[in-house]
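> First residue of the sequence shown: 42, per the numbering used here; consecutive thereafter. Beta carbons: idealized from backbone N, C-alpha and C, even for Gly.
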Amino acid sequence: VNDVENHRLVSFEHGAGRVVLDDFDCNNLFCSPTGVLYLLPVGGRVIQKLVALTLQTVVAAESLPAELQFVAVGICVTKDEVIYVLDVDDDNDIHRILRINPSESLK
42 VNDVENHRLV
52 SFEHGAGRVV
62 LDDFDCNNLF
72 CSPTGVLYLL
82 PVGGRVIQKL
92 VALTLQTVVA
102 AESLPAELQF
112 VAVGICVTKD
122 EVIYVLDVDD
132 DNDIHRILRI
142 NPSESLK
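1) Sort Ile124, Thr95, Leu105 and Val112 by Cα distance to Asn68 and report the nearest one.
2) Applying the criterion that 16 or more other CB atoms from any shown protein chain within 10 Å of the CB defines a buried residue, is Val60 buried or exposed?
3) CB-CB under 6 Å to Ile116, same chain, minus the five flanking residues each way: which ones, in chain order?
4) Only counting the same chain, and skipping five residues up and downstream in sequence, which positions put a Cβ closer than 6 Å to that of Val123?
5) Considering only the beta carbon of each residue, do Ile88 and Val77 sit closer than 7 Å?
6) Using the Cα positions of His48 and Thr95, report the straight-line distance between them to the nearest angstrom.
7) Ignoring anything shorter than 3 residues, give me the beta strand (DSSP E) runs that lie fully in the region 55 to 137, in order along the chain.
8) Which same chain residues end up closer than 8 Å to Thr98 when comparing Cβ atoms and leaving out the 5 residues on each side of it in sequence?
9) Give the DSSP bridge partners of Ser52, in chain order.
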């Protein structure tokens, strides 16, 4: 659960909760069909995934060519771990949907 007010990610199992990440600001998160949790930190310029209680960067917008850079506000991931993000423009209007396959070159 993304506890926005307290800036943390909380896990619940068998009626008990535990803090998974603390001091964390997240805009959006999505659990893929394979059980991997993907996150969009505040600002939407990075896509991360949670691996063994550690955040790993999947892709950072500034590492991409200018025409592929993004400010993501929504995320969805397929069973094949292909990532779709909603990219917004300067007015915060949906600009495009980007398809990102981490196993393919993005350059």
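To lay it out plainly:
1) In the sequence shown, residue 68 corresponds to position 27, counting from 1. For Asn68, the nearest C-alpha among the options comes from Val112.
2) Residue 60 sits at position 19 when you count from the first residue of the sequence shown. It counts as exposed.
3) Taking the sequence shown and counting its residues from 1, the one referred to as residue 116 is at position 75. Same-chain partners within the cutoff: Asn69, Phe71, Tyr79, Leu81 and Val126.
4) In the sequence shown, the residue the question calls residue 123 occupies position 82. Within the same chain, and ignoring the five residues on either side of Val123 in sequence, the residues whose Cβ sits closer than 6 Å to its Cβ are Asn142.
5) Taking the first residue of the sequence shown as position 1, residue 88 is located at position 47. Taking the first residue of the sequence shown as position 1, residue 77 is located at position 36. Cβ distance not < 7 Å, so Ile88 and Val77 don't count as in contact.
6) What you label residue 48 is simply residue 7 of the sequence shown in a count that begins at 1. What you label residue 95 is simply residue 54 of the sequence shown in a count that begins at 1. If I take the Cα positions, the gap works out to 16 Å.
7) Counting only runs of 3 or more, we get 57 to 63, 67 to 72, 78 to 82, 87 to 92, 95 to 101, 113 to 118 and 124 to 129.
8) As a position in the sequence shown, residue 98 is number 57, starting the count at 1. Only Val87, Ile88 and Gln89 meet the Cβ criterion.
9) In the sequence shown, residue 52 corresponds to position 11, counting from 1. For Ser52, which the question treats as bridged, DSSP gives the partners Arg59.
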